[in-house]
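For reference, the structure discussed in these notes is given below.
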Amino acid sequence: MLRKNVSGAAPARRRRLALAGGLAAMVGLPVAAAAEVGRPPDPTESLTDDPPRVERAARAPAEVGLAAELGLVGGGGATPGGMRVGGRYLYRMDDQVWFDAGVGFTFGAPTAGCGRTPPDAMSCDHGVASGFSGDLIVGLRRDLRGQRGFVPFVHGGVFGRVLRFAADDVTGIGLGLEAGAGVARAVRGDVALRAGASAQAGRAWLGRAVGGSGQLGLTVTVGAELRLP
C-alpha cells in the first residue's frame, strides 16, 4: 500500500511542475519582449538593412556663393571701357534673396582722349574701350522662378570707382548705381555657369581741371559660381 501511494504521488508532482513551468514561460515571454524593446541599440549590430542617415536627411541649402566673371564693358566719354575681370561674394538672406558684393577691374586701350577747352578747363571724349577702372559693388540679388535647371536672377546696388586714363594722366573717383539681370545653370550640385548683363550710371570727379563728368556703361559677363554650405 505504501509503494502505491508513493508511485501515485510521482505523476501528480510531475504535473504540478509542468504546470508551474508553463505559467513561468507565459509570464517570462512578455517580460523578455519588453526588455528587448527597451534595450539600447548595440553599435556593433549591422545597419545595412536601413538606408544611410545621410541619404534620408534633406540636404541643407547653400549659404555662401563665390563667383568669377569675365566680360566686356562699353564705356565712352569719361567712362572707362574694355575687358572686365571680376568676382562676387554672395550670402543667402532668405530662400531667394542674396547679399551681393563684388569687385571688378576694367582694362581698356591706353589711348588719349582728353583736351583743353577754353579758358582753362579740360574735357574727355574717349572711345568705348579706353582707360582703366576698379569698382567695388554692394547690393542685393534675387533669384526668380526657373525651369529645366536654369535660374534667372536680377540684381542691383551701388558702386564706388577709381578710374584712370593713363595716356592723358587723368585720375578720378566715381559713385553710381548698378542694375542688371542674368541666368545661372547648374552643372553640378555645387557649381553653376552664369551669364548676365548690367548697366552702370553715376558721376565721377577727375583731376587736371576735368572736374565732374557722367559715368554711363554697359557690362556683359560670363562666369562660374561655386555654392558653399
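If you count by the numbering used here, then the sequence shown holds residues -16 to 212, one letter each, in order. Glycine included, C-beta positions come from ideal geometry on N, C-alpha and C.
LEU158 and ASP151 have their C-alpha atoms roughly 21 Å apart.
By the 16-neighbour rule on beta-carbons within 10 angstroms, GLU46 is exposed. Counting along the chain, PRO135 sits inside the beta strand (DSSP E) bounded by residues 133 to 148. By the CB criterion at 8 Å, ARG125 and VAL80 fall inside the cutoff. Contact between the segment 78 to 95 and the segment 165 to 179 is absent, with fewer than three C-beta pairs closer than 8 Å. By the Cβ rule, the segment 57 to 70 counts as touching the segment 84 to 97, because three or more pairs are nearer than 8 Å.
For LEU55, the enclosing beta strand (DSSP E) covers residues 47 to 57. Within a 10 Å sphere around the beta-carbon of GLY59 sit 16 or more other beta-carbons, which makes this residue buried. Inclusion of GLY114 and MET105 in the CB contact set at 8 Å is not warranted, their separation being larger than that value. About 5 Å separates the Cβ atoms of ASP108 and GLY96, confirming a contact at the 8 Å cut-off. Per DSSP, the beta-bridge partners of ALA169 are ALA175. Counting only runs of 3+ residues, the beta strand (DSSP E) found wholly inside the segment 65 to 125 occupies 65 to 75, 80 to 90, 97 to 100 and 104 to 107, in chain order.
Taking a C-beta distance under 8 Å as the contact criterion, GLY117 and VAL153 do not qualify as a contact pair. Pairing ALA180 with ALA162 gives a Cβ-Cβ distance that is not under 8 Å. Secondary-structure assignment with DSSP links GLY194 through a beta bridge to LEU189. Among the bridge pairs identified by DSSP, GLY159 is matched with PHE142 and GLY185. Checking the DSSP bridge columns, you'll see ARG210 partnered with GLY48.
For the 8 Å CB-CB criterion, GLY122 and GLY139 form a contact.
Only residues of its own chain outside the window of five on either side were considered, and among them LEU73, GLU208 and ARG210 have a CB closer than 6 Å to the CB of GLY48, listed in chain order.
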